[in-house]
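**Q** So that we are looking at the same thing, I have put the structure below in structure tokens.
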Amino acid sequence: GENVEQHPSTLSVQEGDSAVIKCTYSDSASNYFPWYKQELGKGPQLIIDIRSNVGEKKDQRIAVTLNKTAKHFSLHITETQPEDSAVYFCAASIRGTYKYIFGTGTRLKVLA
Amino acid sequence: EAGVAQSPRYKIIEKRQSVAFWCNPISGHATLYWYQQILGQGPKLLIQFQNNGVVDDSQLPKDRFSAERLKGVDSTLKIQPAKLEDSAVYLCASSLESGHRYFGPGTRLTVT
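Same order as they appear, the protein sequences are chains A and B. Residue numbers for the first sequence follow my numbering, beginning at 922 and rising by one. Residue numbers for the second sequence follow my numbering, beginning at 27 and rising by one.
What follows is the structure in structure tokens.
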């Protein structure tokens, strides 16, 4: 079945450094890839997304890149701040639908 | 704009008991989702409603789980009887048609 692998499971960076989280998907028909941030005690919140017709998208300190050939996509956070500390989930649409498969999450800790 | 509301926020029950969760989506959102998030994993879709009709319940354990969305607005998710492995956070989300999911804060269920 469809699968999304996410790495690393935990990531610690110094404040101001960059953080990169990588995901690999199995369904070549996936065409939509959102990223969610989940803070403690809260539901996931969409932070950025990308569609399969685009290779890169940027929003201030956050960027996402997509390599359709290799079937992987990555989240890049630059100039990290303590408030970036959270669990980040990637997701991929299933067979060109709006249904998502989520990755297992990455716990990011930004050390002040 | 008010977000997705869920109650209760926490629930502790013994195995074989029943429990119900309530969700009020963002006003005007036709699509409502229930996800199960087991500790350390990404959210897994249990059921998706479009207005008051079920679009997808393929991952809902129908022998013990049930959900309804009367009048196409609020929704309830019920588990009867609960098992230990049902311990998880139950997230409700809503969207305009099948677009961006807006998640509620979730209900943390502990089955002892």
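Note that the Cβ used here is the ideal one computed from N, Cα and C, for glycine as well.
(1) Against chain B, with Cβ distances strictly below 8 angstroms, would A/Lys958 count as a contact?
(2) List the residues that DSSP assigns as beta-bridge partners of B/Gln85.
(3) Helix, strand or coil: which one does DSSP assign to B/Lys97?
(4) Of all the options A/Ser1014, A/Glu960, A/Thr986 and A/Glu1000, which has the alpha carbon lying nearest to the alpha carbon of A/Ser1006?
(5) For A/Asn955, does the three-state DSSP call read helix, strand or coil?
(6) Nearest-angstrom Cα distance between A/Glu1000 and B/Arg35?
(7) To which residues does DSSP link B/Ala119 through a beta bridge?
(8) If the cut is a Cβ gap below 9 angstroms, which residues of chain A does B/Phe129 touch?
(9) Taking the beta strand (DSSP E) that B/Asn50 belongs to, which residues open and close that run?
(10) Grab me the residues of B/Lys97's own chain with a C-beta within less than 8 angstroms of its C-beta, minus the 5 sequence neighbours each way, in chain order.
(11) Using a Cβ cut-off of 7 angstroms, pull out every chain A residue sitting near B/Gly68, in sequence order please.
(12) Between the beta-carbon of B/His55 and the beta-carbon of B/Ser113, is there less than 8 angstroms?
(13) Can you list the residues of chain B that A/Lys1030 reaches, using a CB-CB cut of under 7 angstroms?
(14) Would you call the CB atoms of A/Phe994 and A/Val985 closer than 8 angstroms?
(15) Quick check on the burial criterion: 16 or more other C-beta atoms within 10 angstroms. Buried or exposed for B/Lys41?
**A** Reading it off the structure:
(1) Judged by the 8 angstroms Cβ criterion, A/Lys958 is not in contact with chain B.
(2) Answer is none; B/Gln85 lacks a bridge partner.
(3) Here B/Lys97 sits in helix by DSSP.
(4) Of the listed residues, the one whose Cα sits closest to A/Ser1006 is A/Glu960.
(5) Checking the sequence, you will find Pro at residue 955 of chain A rather than Asn. In this structure, DSSP gives A/Pro955 an extended state, which the three-state scheme calls strand.
(6) Straight-line measurement puts the Cα of B/Arg35 at about 34 angstroms from the Cα of A/Glu1000.
(7) Answer is B/Tyr59 and B/Phe129, bridged to B/Ala119.
(8) Tyr957, Gln959, Lys963, Gly964, Pro965, Gln966 and Leu967, listed in chain order.
(9) Unbroken beta strand (DSSP E) run through B/Asn50: Val45 to Asn50.
(10) Closer than 8 angstroms at Cβ, skipping near neighbours: Asn78.
(11) Within 7 angstroms Cβ-Cβ: Phe1010, Phe1023, Gly1024, Thr1025 and Gly1026.
(12) No.
(13) Within 7 angstroms Cβ-Cβ: nothing; A/Lys1030 doesn't reach chain B, min ~16 angstroms.
(14) Contact annotation: A/Phe994 and A/Val985 have beta-carbon atoms nearer than 8 angstroms.
(15) Label assigned to B/Lys41: exposed.
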